[in-house]
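K.L.:
Pasting a structure here, questions to come.
Residue numbers (the numbering used here): 7 to 403.
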């Protein structure tokens with residue numbers, strides 16, 4: 007699991023991955039920094055994947071779990087693409103569906119870089135740093151706009167791009183939503199389980215920033231994620247205290263927050279319409295295998311807002327089984343960790359994966375790089391811990 011490289015190459019690899027991860031955590035869909043159709047994320051992806059392939063050809067071994075994951079994943083992509091072709095899907099639409107899903111091959115460089123506990127900790131630190139930068143920047147911009155030190159139209163022009171990473175509204179309450187805000191919440195989770203000196207101050211700042219995104223789904227997904235980990239670890243007294251605090255604060259603040267957010271009936275209607283059109287398109291074969299990539303519904307011919315709805319429509323029950331089964335696999339590996347220290351290190355990763363899955367109930371996160379990256383990093387972290395525990399048991403024997 008370790009790379010036999012000298013100190014200079016080790017430093018270069020580490021530096022590259024720090025920059026790569028910061029780009030993933032901070033730059034949303036990855037299309038905001040794009041030149042002539044080529045984004046910074048595409049460049050990093052190409053370098054990381056090609057480097058991994060070269061290392062594999064030179065004899066570097068990967069974990070068996072990574073190999074099995076890739077085998078199942080490639081089979082799934084191939085089958086759903088073939089199904090789309092025989093159902094008359096346009097090749098352009100199929101490729102559009104495949105593009106974000108190809109990011110899963112980043113499990114190769116992730117697993118090759120995250121080879122020890124210190125690297126797992128490093129990833130956690132980068133997530134916290136990214137969330138803090140994002141939270142401070144977001145609140146600062148809102149304050150500058152509110153007090154008139156910055157013009158809304160200037161910000162709108164500055165942040166507008168073809169990728170639509172930012173959605174802004176200059177109404178009674180200024181709304182700015184950024185796709186990368188997912189990592190505000192993930193950073194919040196990591197700080198919850200940290201021992202940082204200014205933990206409470208940073209958590210307060212991040213929580214205020216999350217509220218100011220005016221996104222109900224974030225709050226609900228956070229609550230459900232903490233509830234799920236509590237259910238898994240119900241015997242721990244600290245979890246009971248934390249859950250009591252979360253539920254109390256939620257019950258007090260949610261009514262005020264919902265009234266402040268305003269009417270979301272239009273976006274809710276669009277989601278309901280997508281669900282209706284997907285159910286209208288169900289056939290006996292599509293129920294089990296889906297319609298294949300490239301086959302959408304009238305209101306969403308390409309990508310749907312609800313991740314699991316899109317998976318069901320294009321891959322059927324089989325696709326849902328694979329994606330949800332992967333979550334259960336992560337839970338299984340987490341619960342099998344015996345070393346308490348290791349468990350504490352990976353716990354925020356696992357809870358963040360819960361958050362991505364919960365958020366994907368209403369938004370497209372799991373099946374694109376923004377959310378998929380967190381799940382892959384969690385998988386890599388669990389592989390490291392499993393390897394460490396096996397090694398320690400072998401030494402004791």
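We treat Cβ as the ideally placed atom computed from N, Cα and C, and that holds for glycine.
#1: Might you give, ordered along the chain, the residues of its own chain that have their beta carbon closer than 8 Å to the beta carbon of residue 218, omitting 5 neighbours on each side?
#2: Should the region 343-363 be called in touch with the region 386-400, which here means at least 3 C-beta pairs below 8 Å?
#3: For residue 200, which of helix, strand or coil comes out of DSSP?
#4: Nearest by alpha-carbon distance to residue 341: which of 356, 383 and 136 is it?
#5: Look at the Cβ atom of residue 382, then the Cβ atom of residue 192, and state whether they are nearer than 8 Å.
#6: How close, in whole Å, do the beta carbons of residue 100 and residue 299 come, if the pair is a contact with beta carbons under 8 Å?
#7: With a threshold of 7 Å on Cβ separation, who are the neighbours of residue 423 within its own chain once the five nearest residues in sequence on each side are excluded?
#8: Quick one: is residue 46 near chain D, going by C-beta distance under 8 Å?
#9: Which residue wins for smallest C-alpha separation from residue 301, given the options 294, 290 and 317?
#10: Is the CB-CB distance between residue 368 and residue 141 below 8 Å?
#11: When DSSP builds the beta bridges, which residues end up paired with residue 173?
#12: Do residue 232 and the ligand NAD come close, with the Cβ less than 7 Å from some heavy atom?
#13: Return the CA-CA distance between residue 261 and residue 384, expressed in angstroms with no decimal places.
#14: Could you give the C-beta distance for residue 360 and residue 231, rounded to a whole number, given that I count them as a contact under 8 Å?
#15: In angstroms with no decimal places, state the Cα-to-Cα distance between residue 45 and residue 156.
#16: Would residue 53 and residue 119 qualify as a contact pair, given that the criterion is a beta-carbon distance under 8 Å?
P.N.:
Looking at the atomic coordinates:
#1: 144, 145 and 148
#2: yes
#3: coil
#4: Here the closest residue by C-alpha is 356.
#5: No.
#6: 5 Å
#7: The question about residue 423 has no answer, for the chain in this structure spans 7 to 403.
#8: The displayed structure is made up of one protein chain only, and chain D is not part of it.
#9: 317
#10: For residue 368 and residue 141, no; Cβs fall outside 8 Å.
#11: Its beta-bridge partners are 183.
#12: In the structure on display, the ligand NAD does not appear, and there are no ligands present to speak of.
#13: Since pLDDT at residue 261 reaches only 47, below the 50 mark, its modelled position is unreliable, and no value is offered.
#14: Confirmed, about 4 Å.
#15: C-alpha separation (whole angstroms): 28 Å.
#16: no
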